[in-house]
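As structure tokens, the structure follows; a few thoughts come after it.
In the numbering used here, the protein residues as written are 15 to 178.
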């Protein structure tokens with residue numbers, strides 16, 4: 015079950031690099047919607063993503079309209095602190111897209127209002143503004159994979175000389 019991570023106008027290269035690593039480890043596809051707050055060739059982005067760039071299917075879009083015109087037949091979930099529904103309340107579906115907003119502002123308000131029934135949140139204590147973007151991606155991706163029985167992930171990286 016491929017999961018699609020969508021970053022709308024990400025600003026911090028280290029977050030995107032860490033998300034590249036999560037995508038490489040889970041088989042998730044990464045979609046980046048411009049403008050980006052950094053260059054794809056940024057040294058911090060590359061360092062955070064280490065040598066995983068070749069292992070990830072990355073698509074870049076000019077804007078939201080470009081993204082939606084190329085990805086219309088899918089289940090979309092919009093991750094926001096403004097949602098009432100927890101991410102655990104939605105079904106894991108084939109070819110789902112999890113959209114995350116920029117670090118400083120989140121997703122556009124009009125997009126959230128138009129799609130409020132598909133807005134989801136990670137529960138936090140009252141007063142907490144938000145979690146780190148790359149942590150939020152990892153939390154939700156791994157929970158979706160857990161609910162699918164981790165069937166697409168390999169069992170172990172243990173060395174051959176470890177006991178069974």
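Just so you know, even glycine gets a beta-carbon here, dropped at the ideal spot from N, CA and C.
Treat the numbers as computed from the prediction; the structure is a model and nothing was measured.
- Beta-bridge partners of residue 44 (DSSP): 19, 72.
- A Cβ-Cβ contact shorter than 9 Å links residue 101 with residue 134.
- In the displayed model, residue 89 falls within a strand according to three-state DSSP.
- Between residue 90 and residue 113, the beta carbon gap of about 6 Å places them in contact (Cβ cut-off 8 Å).
- For residue 135, the beta-bridge partners assigned by DSSP are 100.
- According to the DSSP assignment, residue 112 belongs to the beta strand (DSSP E) that extends over 110 to 114.
- Residue 151 and residue 145 have their C-alpha atoms spaced approximately 10 Å apart.
- Of 38, 129, 46, the smallest CA-CA separation from residue 76 is found for 46.
- For the pair residue 54 and residue 70, the CB atoms are not nearer than the 9 Å cut-off.
- Between the alpha carbons of residue 84 and residue 37 lies a gap of roughly 20 Å.
- The DSSP-derived three-state label of residue 31 is helix.
- Counting along the chain, the unbroken alpha helix (DSSP H) around residue 155 starts and ends at 147 to 161.
- Check the Cα spacing between residue 143 and each of 98, 94, 130: the tightest is with 94.
- Beta-bridge partners of residue 120 (DSSP): 116.
- The closest CA to that of residue 117, considering only 26, 32, 82, is found on 26.
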